[in-house]
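Read the structure below first, then the notes.
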Amino acid sequence: METGKRKREVSSCIPCYTRKQKCNRRYPCDHCTRRRRPELCAYYPSQATKAPGHFRAAERHDALNSQAPESSSARPAPVSIAAAPFPKEKAELSSVAEIFGYSEGSRSNTLALVQRLGISAGAKDISLPVDFISDVQEALSRIPSRPILDFLLQYFIAEVNWIDQLLYPPWFLAHYQKWWDLDRPYSVGDIEFSVLFLRVCWYASQFLPSESAVKGVALLDIQRTSISVSDVLESICTQLDERGSLIRVQHLAFAGLGFLCQGQMNSFWAFLSRGVRVAQRIGIHLEAATESSNTDQFEKEMGRRTFCSLYVLDSVLSFRMDHIPLFPNRLQAGSMPRMHLVPEVENSADAPDVFAERILQVQLVDFWKKQSLTTGPEYDVLAAQERYDRFCAEFLLTMPPAFSLEPDTQWDSRLPKLRLQRQILQIAIFDSLCYNFRPALLQDPTQIGLLPGYKQVLLASHKKALASAALKVLERVSILHNMIGESHTRYPGIIIPTFEAAVPLLCLCADAEFPGETIDASLTTGTLHPLSTTMANLTRNECVQAIKGAVERLQVFAELSKMAEAGARALASLIARIEFPSTQARQQNNTMGAIDPTMELVDAWKEEQMESLNGVFTVSDILRGPHGTFPAAWGGVEGFGGSLWDKGGLPFSGI
Numbered sequence: 056m057e058t059g060k061r062k063r064e065v066s067s068c069i070p071c072y073t074r075k076q077k078c079n080r081r082y083p084c085d086h087c088t089r090r091r092r093p094e095l096c097a098y099y100p101s102q103a104t105k106a107p108g109h110f111r112a113a114e115r116h117d118a119l120n121s122q123a124p125e126s127s128s129a130r131p132a133p134v135s136i137a138a139a140p141f142p143k144e145k146a147e148l149s150s151v152a153e154i155f156g157y158s159e160g161s162r163s164n165t166l167a168l169v170q171r172l173g174i175s176a177g178a179k180d181i182s183l184p185v186d187f188i189s190d191v192q193e194a195l196s197r198i199p200s201r202p203i204l205d206f207l208l209q210y211f212i213a214e215v216n217w218i219d220q221l222l223y224p225p226w227f228l229a230h231y232q233k234w235w236d237l238d239r240p241y242s243v244g245d246i247e248f249s250v251l252f253l254r255v256c257w258y259a260s261q262f263l264p265s266e267s268a269v270k271g272v273a274l275l276d277i278q279r280t281s282i283s284v285s286d287v288l289e290s291i292c293t294q295l296d297e298r299g300s301l302i303r304v305q306h307l308a309f310a311g312l313g314f315l316c317q318g319q320m321n322s323f324w325a326f327l328s329r330g331v332r333v334a335q336r337i338g339i340h341l342e343a344a345t346e347s348s349n350t351d352q353f354e355k356e357m358g359r360r361t362f363c364s365l366y367v368l369d370s371v372l373s374f375r376m377d378h379i380p381l382f383p384n385r386l387q388a389g390s391m392p393r394m395h396l397v398p399e400v401e402n403s404a405d406a407p408d409v410f411a412e413r414i415l416q417v418q419l420v421d422f423w424k425k426q427s428l429t430t431g432p433e434y435d436v437l438a439a440q441e442r443y444d445r446f447c448a449e450f451l452l453t454m455p456p457a458f459s460l461e462p463d464t465q466w467d468s469r470l471p472k473l474r475l476q477r478q479i480l481q482i483a484i485f486d487s488l489c490y491n492f493r494p495a496l497l498q499d500p501t502q503i504g505l506l507p508g509y510k511q512v513l514l515a516s517h518k519k520a521l522a523s524a525a526l527k528v529l530e531r532v533s534i535l536h537n538m539i540g541e542s543h544t545r546y547p548g549i550i551i552p553t554f555e556a557a558v559p560l561l562c563l564c565a566d567a568e569f570p571g572e573t574i575d576a577s578l579t580t581g582t583l584h585p586l587s588t589t590m591a592n593l594t595r596n597e598c599v600q601a602i603k604g605a606v607e608r609l610q611v612f613a614e615l616s617k618m619a620e621a622g623a624r625a626l627a628s629l630i631a632r633i634e635f636p637s638t639q640a641r642q643q644n645n646t647m648g649a650i651d652p653t654m655e656l657v658d659a660w661k662e663e664q665m666e667s668l669n670g671v672f673t674v675s676d677i678l679r680g681p682h683g684t685f686p687a688a689w690g691g692v693e694g695f696g697g698s699l700w701d702k703g704g705l706p707f708s709g710i
């Protein structure tokens, strides 16, 4: 006689099953969409008893403040670990993919033909072998206590995640809560996720504005422990699963970003390259992989968004550094995000997607790749003009209202990070225009004289356009800096654009003919010309003041950032060493009119700097020493700094 009843097969998603609601079986279903919790919509047709527990764990993702014991002993112990069964055909298929290096999401490689015979490559989670138990236990025993991790993760979600958008908070926090609620043996996936949140904490800790300790533990100790434990656990996961997963792609990206904040560019490229290779191995970039039914649909969306973020990071920085990009081609349409995930605000259906800025960054990168923009010295003034005209007509005019250069700000009060993301996008826009016109600086003066007259006029106009775009970059950087206050002092998104925009301005100011006579001809015949106002009123004094502001900003950041320190030192050295046009030469130039008093200040300051340099100098020598101060007529640093630092406490948004 049977002692139990046969379980009814569940035909609803877990949240609808728990609430006893009729589900439409779509992803996300109608009820999960109405509840604004699409990340919780999941289907387990034959596991009715697991639904309530799984759903409750995900529901508690926003309760990170629940206090756990300070010691790490509150962590579930990885005991009684046994090998989980794995279907033989899947193991064989995975072995073929791993050994031959096939991408499992491809529609055209040999592995795809194998799959057509009926063997599917489902995602697997490898159980932890007994030989690795002690190493994992020892590493996990050293991680910071949960209150410390909770604090850093809350700060990351509130103040850092909006920058790169590598994680979707509800998805990540649901996994984080589930990790602490584990009542089953550890697997490679569980260990890999611990690497992810440890590296997220390490990355977030670098943005804390003034904290020297968290929950009584020195911040430096927390950082060292997090990175050392994550390195040990990553090594174990790599040995057991060489192919990797989406979580591995994410934690490699965060490791790279952490090194970028520390000014270790080579380490950043190494980790970013590894992350891209893992993403390509597991087929995140392939449309067929995203259409497979073997993976949770929301996880596929996270894969697409992560891949887009990697694409933007690689494309922008490789172009700046003149490297061969890891993604040589434009992003395929199948790799773009598909879900519209809106924030929990009133009338959210019309609100900008939380990932909208990243998508626009992808479109910006793709536009310039389509135009074959290069970093070489060759410069075709007509081609540069055509690129600019197309940019105004095809990209700027198609931007959504919330992100346009004259934005609709109706959502700013309800989406506080929207205005910050808008500044990041506008910095990227004007920075790309700098690269469109920057080769104009590299032209041989003797060759310029051989150009037809109309090309010489256009070239002079492009130099003014370059100065205008650089000034726009520095203006947006200043706005962003003031918005975020005293945090983010290691943020490369402020430091790198500041340095990149200041150097072309210095080169232009060293030209005796710059800015030249005002030319009535417009740079473009298009209706939207973002550089017109600045070009019409461009002065040398404005450029020099912008350079001064850039040096001051980098000097403020140099207290904690090696990258900012190097940039400030280089700019100060350039200002001191560049041969600015002399006052006498400017008097003899009838087309320039009266003497620009700014150049007298520059010449006087340059002489003081040259006396103090003697070939060896530091930031303190240049910017703080008795011979290294800016001229009094330029204004004091104190006036610049006061508006930045009188902001109050930590921007924890209620944490």
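Heads up: the sequence shown begins at 56 in my numbering, then just goes up one per residue. Just so it is clear, CB atoms sit at the ideal spot from N, CA and C, and this is done for glycine as well.
**Report entry** Pro455 vs Ala483 beta-carbon contact at 8 Å
**Finding:** no
Query raised in the report: Is Ser242 helix, strand or coil when you go by DSSP?
Result: strand
Requested in this report: Report back the beta-carbon spacing between Val371 and Arg413 to the nearest angstrom; my notes put them in contact at under 8 Å.
Outcome: 12 Å between Cβ atoms; not a contact.
Query raised in the report: Which first and last residues belong to the alpha helix (DSSP H) in which Trp226 is found?
Result: Pro224 to Trp235
Query raised in the report: Buried or exposed: Met590, going by 16 or more other Cβ atoms within 10 Å of its Cβ?
Result: Buried.
Report task. Pick helix, strand or coil for Ser322, following the three-state DSSP scheme. Result -> helix
Query raised in the report: Would you say Pro547 and Leu315 are within 8 Å of each other, going by their C-beta atoms?
Result: yes
**Report entry** Burial state of Gln102, where buried means 16 or more other Cβ atoms lie within 10 Å
**Finding:** Unreliable positioning characterises Gln102 in this predicted model, as indicated by a pLDDT of 36, which lies under 50. The coordinate reading is nonetheless provided below. That one is exposed.
Query raised in the report: Using a Cβ-Cβ cut-off of 6 Å (strictly less than) and excluding sequence neighbours within five positions of Tyr210, which residues of its own chain qualify?
Result: The beta carbon of Tyr210 lies closer than 6 Å to those of Ala259 in the same chain, with the five residues before and after it left out.
**Report entry** Distance between Leu535 and Val528 (C-alpha atoms, nearest Å)
**Finding:** 11 Å
Report task. Output the boundary residues of the alpha helix (DSSP H) element that contains Glu356. Result -> Gln352 to Met376
Query raised in the report: Alpha carbon to alpha carbon, how far is Ala334 from Arg90?
Result: 32 Å
Query - Where the alpha helix (DSSP H) containing Met618 begins and where it ends - result: Unbroken alpha helix (DSSP H) run through Met618: Lys617 to Arg632.
Requested in this report: In the DSSP assignment, find the unbroken alpha helix (DSSP H) run with Asp308 in it and report its ends.
Outcome: Going by the sequence as given, residue 308 is Ala instead of Asp. Element bounds for Ala308: Leu301 to Cys316.
Query raised in the report: Okay, do the region 422 to 442 and the region 507 to 519 touch, 3+ Cβ pairs below 8 Å being the bar?
Result: yes
Requested in this report: Taking only the alpha-carbon atoms, compute the straight-line gap between Phe554 and Ile291 and give it to the nearest angstrom.
Outcome: 40 Å
Query - Neighbour-count burial assignment, Leu384, 16 or more Cβ in a 10 Å radius - result: In the sequence as presented, Leu is not what sits at residue 384; that position holds Asn. The residue is exposed, with fewer than 16 neighbouring Cβ atoms inside 10 Å.
Report task. Use the C-beta contact count for His340: other C-beta atoms within 10 angstroms, 16 or more gives buried, fewer gives exposed. Result -> buried
Query raised in the report: Assuming Ala525 and Ala556 make a contact with CB atoms under 8 Å, what is their CB distance in whole Å?
Result: 4 Å
Query raised in the report: So which of Arg332, Gly431, Leu237 and Arg329 has the shortest CA-CA distance to Arg375?
Result: Gly431
Query - Selection from Lys77, Cys84, Trp234 and Ser67 that minimises the alpha carbon distance to Met394 - result: Cys84
Report task. Confirm, please, whether the CB-CB distance from Arg359 to Pro392 is below 8 Å. Result -> yes
Requested in this report: For Val269, write down the residues that DSSP places opposite it in a beta bridge.
Outcome: Val272
Query raised in the report: When you compare only the Cα positions, how much space is there between Leu183 and Phe382?
Result: 34 Å
Requested in this report: Please report the Cβ distance between Ala194 and Val287, rounded to the nearest whole angstrom; I am assuming they are in contact, meaning their Cβ atoms lie under 8 Å.
Outcome: 5 Å
Report task. Indicate the three-state DSSP secondary structure (helix, strand or coil) for Ser66 in the structure shown. Result -> coil
**Report entry** Rounded C-alpha distance that separates Ala310 from Val272
**Finding:** 22 Å
Query - Own chain residues within Cβ distance below 6 Å of Pro570, not counting five before or after - result: Contacts found: Lys519 and Leu593.
Query raised in the report: Near Asp486, what residues of its chain come up, given a Cβ to Cβ distance below 6 Å and the 5 sequence neighbours on each side ignored?
Result: Val528 and Pro552
Query raised in the report: Out of Ser267, Arg595 and Cys562, which has the shortest C-alpha to C-alpha gap to Ala495?
Result: The shortest Cα separation from Ala495 among Ser267, Arg595 and Cys562 belongs to Cys562.
Query raised in the report: Do Leu428 and Phe450 have their CB atoms nearer than 8 Å?
Result: no
Query raised in the report: Among residues of its own chain, excluding the 5 on either side of Val187, which ones have a beta-carbon nearer than 6 Å to its beta-carbon?
Result: Looking at the sequence provided, one finds Phe at residue 187 rather than Val. Excluding residues within five positions, the ones whose Cβ falls inside 6 Å are Ile291.
Requested in this report: Please go through the same chain and pick out, in chain order, the residues whose beta-carbon is closer than 8 Å to the beta-carbon of Met538, but skip the five residues on each side of it.
Outcome: Arg474, Leu475 and Gln478.
Query raised in the report: Trp234 and Asp245: beta carbons closer than 8 Å?
Result: yes
Query raised in the report: How would you write the range of the alpha helix (DSSP H) that Met394 sits in, first residue to last?
Result: Met394 -> no alpha helix (DSSP H), and no H or E assigned at all.
Query raised in the report: How big is the Cα-Cα spacing for Ile602 and Asn491?
Result: Distance from the CA atom of Ile602 to the CA atom of Asn491, rounded to whole angstroms, is 21 Å.
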